[in-house]
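Protein chains in written order, with this note's numbering: chain D, 1 to 427; chain U, 1001 to 1427.
From the three backbone atoms N, C-alpha and C, an ideal C-beta is built for every residue, glycine too.
Note that the structure is a prediction, hence the values are computed from the model and not measured.
Beneath this line is the structure, given in structure tokens, with notes to follow.
This is the structure we're talking about:
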């Protein structure tokens, strides 16, 4: 089969013919890949920053069809995740970017991205999905079965399920692999943080944490402004755009007043964000302000909006120290920084005193994509207005190319000359 | 009047005669101090670590009686915090360790510790409470009126209020100034963090965040162990002990299964914690394990309890980098570190990769003590079994001394030769 392979030490991408993977363990599945995407976090290894020296197949975003299953599947899977008994050869599936068993303590809690048996596709420990076929370990815990709505979330109506089964292009469904659940995760963490609850509930800390009717004994009433969420999103790559769309949807659904500034230093990304926002139907926008700006302007806007107090919460969707520093500068005392950016070796750019003095809360880390699938899938179905196509101004995907363009696509993507790229392994 | 004064550059405490403070602003109150306490965070300036060079009166924990009020008080305080119309000369009051106006955006949200008009007592910007009298700016937003139950929380019964008014010693009430609300804040942040909710609710992330009945489509049932909170408390000084008592009370009240390891390297502190735990009535202990241990033992215990997964949440009540590092080592992936320790100049001891790879959440910072008063007061009333006395094995207060012992008390406290010390300015 054909596969896109990384060679050490860096910037060396080759399309090679290698053996089709085979079932190695009873829980394995072999997936024939229909589409695979290039993701910003692929660039860590590409650039040689990952400390990696093993040649391997790239990619952790893929969609495809089951062609082979290990011996665990079918009738003898009682008590195991549903997919062990339900998954069939021929089913259309999307995989999260990491493997998870679905049945250990960590997976039971829903923290699938940190399953002790987990692994990230497209790394030395697990061959990636930028190939014609990929082996998926623990597939019954890992995969999302697009052919079997009974294994989806229960929040979709039958009509929506039908629409999803027939109407969603594979290019849209591929966003479930990473960028859409990660964006939803970022928005969800921000909105659900306890420190955001005074603004949402209209009750002061700590009363906002209970549903009772107590008072602090000495409070004054909230103003309209106190009830308005001031939010910033730093980084408008594909995940940042997904986070923005998810945040807008969550705010609209809950009818919460808000003002959002979405920030990126790169003009083409800001233009994409604006095009996406323009393409969202009114029901997905809510009634607040949504402003797209460069870094310096954004600081002034937040200062102006809040009289220098700062943002209720900031979503950091970049993964470097300057983004974290900007998040700190923008957030209010007792504010929340939700960071889904992939961070590396540099230390966190804060002294203990800075953390203490601003009473800042941080949520770091990787999206538990498998656990987030139902919620991300709901949003995908609702927001087909923006998650539909390829190459349109509002499309998150810039190009659909064949494997012959792999090396050039990596080069151009790394240079920022092109946005998200999808590979068709069979063209 | 007599006051305990700090002199630069360090370790120089003198009892001096200075002028009794006077009303400077309409919102001021003058409080005659009945008791003032020495707190671990007083040591930052004492040791010369605060970058301070101004002689000033020490102390931010005090209780006393109103002797004079500015012109804001009484009948012309409509729309202001209740205390502006209710506070009277002669009222018994306890102050949080910081001033807060009670009526700005930040105060309305309940984040009183970061009021832009706020200040910390016992620093160059605001004379402290280790004196016979202290000026309290913005007293109507700041003080808690112990003489007027109508301005307290509504969760106490009339019987409990009566018991509180008559039964609580000033040495107990003084704990409201800082250590008790800070301990309650630490426990509250841990229990209310979204990442702790799967364990508490028995529903996986992200379903734990809603009250609905959806499923992730592929989950397996929780075990008893999945529902058990594994918690660590690092630091068993007075605040750490308050945090432990508060955490135990919250877990008992909610009938949650748990196992807690309370950690301190100093044996005398561990003994104090054990004595306090032994003195708590059964209703305040819940049905989980509570183990007090040194650092290395604690790591082994958590490893043994969780098969190497780690703690659901860790309370860091120390305020240095080694405590933060220990917290990181103990916490699970997707775990929570709630830090109420006062941190200084050293950078946070984590790389971005460490934060990302463990999906760790942090809550840093100062307790909004004024906002926490009702909740802390409830606990004080409930836990008179442990918050009662002075000098008993389970007492948080080791000694009640006069001002002549001030310099020696600071010296011994800094060396760890004595626990919490209270000054009587009139003895």
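Exposed unless 16 or more other CB atoms sit within 10 angstroms - verdict on residue i
i	result
residue 336 of chain D	buried
residue 74 of chain D	exposed
residue 1125 of chain U	exposed
residue 42 of chain D	buried
residue 326 of chain D	buried
residue 40 of chain D	buried
residue 425 of chain D	buried
residue 1254 of chain U	exposed
residue 224 of chain D	exposed
residue 356 of chain D	buried
residue 419 of chain D	buried
residue 1088 of chain U	exposed
residue 1141 of chain U	buried
residue 1281 of chain U	exposed
residue 1238 of chain U	buried
residue 1011 of chain U	exposed
residue 1067 of chain U	exposed
residue 1019 of chain U	exposed
residue 1165 of chain U	exposed
Pair within 8 Å by beta-carbon distance, residue i and residue j
i	j	result
residue 1029 of chain U	residue 1059 of chain U	no
residue 1243 of chain U	residue 1191 of chain U	no
residue 1430 of chain U	residue 1334 of chain U	There is simply no residue 1430 of chain U to check, as chain U begins at 1001 and stops at 1427 in what is shown.
residue 1111 of chain U	residue 1031 of chain U	no
residue 358 of chain D	residue 330 of chain D	no
residue 1386 of chain U	residue 1276 of chain U	yes
residue 1009 of chain U	residue 1048 of chain U	yes
residue 1293 of chain U	residue 1261 of chain U	yes
residue 1283 of chain U	residue 1323 of chain U	no
residue 1105 of chain U	residue 226 of chain D	yes
residue 1186 of chain U	residue 1094 of chain U	no
residue 46 of chain D	residue 345 of chain D	no
residue 26 of chain D	residue 135 of chain D	no
residue 1217 of chain U	residue 152 of chain D	yes
Residue i, DSSP secondary structure in three states
i	result
residue 1292 of chain U	strand
residue 1174 of chain U	helix
residue 193 of chain D	coil
residue 1072 of chain U	coil
residue 12 of chain D	strand
residue 1007 of chain U	strand
residue 22 of chain D	coil
residue 330 of chain D	helix
residue 1429 of chain U	Here chain U has residues from 1001 to 1427 only, and residue 1429 of chain U is not among them.
residue 1211 of chain U	coil
residue 494 of chain D	No information on residue 494 of chain D is available, as it lies outside the stretch 1 to 427 that chain D covers here.
residue 1134 of chain U	strand
residue 1041 of chain U	coil
residue 1052 of chain U	coil
residue 1147 of chain U	coil
residue 337 of chain D	strand
residue 155 of chain D	coil
residue 17 of chain D	strand
For residue j and residue i, believed in contact at Cβ under 8 Å, the rounded distance
i	j	result
residue 403 of chain D	residue 2 of chain D	5 Å
residue 1312 of chain U	residue 1188 of chain U	Not quite, the Cβ-Cβ distance comes to about 15 Å (not below 8 Å), so this is no contact.
residue 117 of chain D	residue 56 of chain D	Contact flag wrong, Cβ pair sits at about 19 Å.
residue 1407 of chain U	residue 1013 of chain U	4 Å
residue 1370 of chain U	residue 1096 of chain U	5 Å
residue 220 of chain D	residue 1080 of chain U	7 Å
residue 269 of chain D	residue 289 of chain D	So it is not a contact: roughly 20 Å between Cβ atoms.
residue 201 of chain D	residue 208 of chain D	5 Å
residue 1314 of chain U	residue 1234 of chain U	6 Å
residue 1109 of chain U	residue 1381 of chain U	Not confirmed; about 26 Å, so no contact.
residue 1309 of chain U	residue 1301 of chain U	13 Å between Cβ atoms; not a contact.
residue 1206 of chain U	residue 375 of chain D	6 Å
residue 34 of chain D	residue 61 of chain D	Residue 34 of chain D to residue 61 of chain D, Cβ: 12 Å. No contact.
Distance cut-off 7 Å: residue i Cβ against heavy atoms of the ligand HEM
i	result
residue 1098 of chain U	This structure lacks the ligand HEM, and indeed carries no ligand of any kind.
### Query
Taking only runs of the alpha helix (DSSP H) that begin and end inside the stretch 1215–1290 of chain U, which ones reach a length of at least 4 residues, in chain order?
1238–1253 and 1267–1279, all fully within the stretch 1215–1290 of chain U.
### Task
Note down, one range per segment and in chain order, each alpha helix (DSSP H) of at least 4 residues found wholly within the stretch 77–113 of chain D.
DSSP runs (the alpha helix (DSSP H)) wholly in the stretch 77–113 of chain D: 83–86 and 105–108.
### Query
Which runs of the alpha helix (DSSP H) fall wholly inside the stretch 1356–1414 of chain U and span at least 4 residues, in chain order?
If we require 4 residues or more, the alpha helix (DSSP H) runs fully inside the stretch 1356–1414 of chain U come out as 1369–1382 and 1406–1414.
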